[in-house]
Amino acid sequence: MKDKTKFILAVIANILPFAIGCFFYRGGGVLVMFLYPPLQIMLAILNYSGTKKCFPFVFLNAVMMLASIVCIELITQLYYKNISSDTETLSVGRFEELVAFVFILVLTVVPLILRAIGTKTKESEE
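Using this note's numbering, the first residue of the sequence shown is number 590, and each one after it goes up by one.
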């Protein structure tokens, strides 16, 4: 039961970028480009250290990716509608979504490779 509670708390923590974006959308791209990467790195480290298998780690990072991309889209639309009604706002938002996707993909693939190398090293030592 303790593991399930821990996993549910990890899922909620990975939705944190969405909540931050909803509250601070007036910050626009500055919020996304300077606040999200350190937060995503921290969450990826917590996801990696909190899981022993690959599937829960990938699932948690997928939740973080989905929450981040939806939040960036929401920030873009709110900023476009309420603050700046120019097409550059939409272009910057799409670019930020692409950067977030690639960044979180890297934060997922690199630890998986490191975990696989560590597993092979342990097996070869035995």
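From the three backbone atoms N, C-alpha and C, an ideal C-beta is built for every residue, glycine too.
Pull up the CB-CB distance for residue i and residue j, whole angstroms please, since I reckon it's below 8 Å.
i, j, result
"SER674", "GLN629", "About 29 Å; that fails the 8 Å criterion."
"ALA606", "CYS660", "Sequence check: residue 606 is Pro here, not Ala. At roughly 5 Å, the Cβ-Cβ gap stays under 8 Å, so PRO606 and CYS660 are in contact."
Could you check the C-alpha separation between residue i and residue j for me, to the nearest Å?
i, j, result
"GLU677", "ILE664", "14 Å"
"TYR668", "CYS611", "11 Å"
"ALA599", "PHE692", "19 Å"
"VAL698", "LYS642", "14 Å"
"GLU662", "SER713", "46 Å"
Quick check on DSSP: helix, strand or coil for residue i?
i, result
"LYS591", "helix"
"THR710", "helix"
"GLU640", "What sits at residue 640 in the sequence shown is Thr, not Glu. Coil at THR640, not helix or strand."
"SER674", "coil"
"ILE604", "coil"
Would you call residue i buried or exposed, if buried means 16 or more other Cβ atoms sit within 10 Å of its Cβ?
i, result
"PRO700", "buried"
"GLY707", "exposed"
"ILE740", "The question about residue 740 has no answer here: the residues shown for the chain are numbered 590 through 715."
"THR640", "buried"
With distances taken from CA atoms, which of the options is nearest residue i?
i, options, result
"LEU624", "ILE597, GLY639, GLU685, ASP592", "GLU685"
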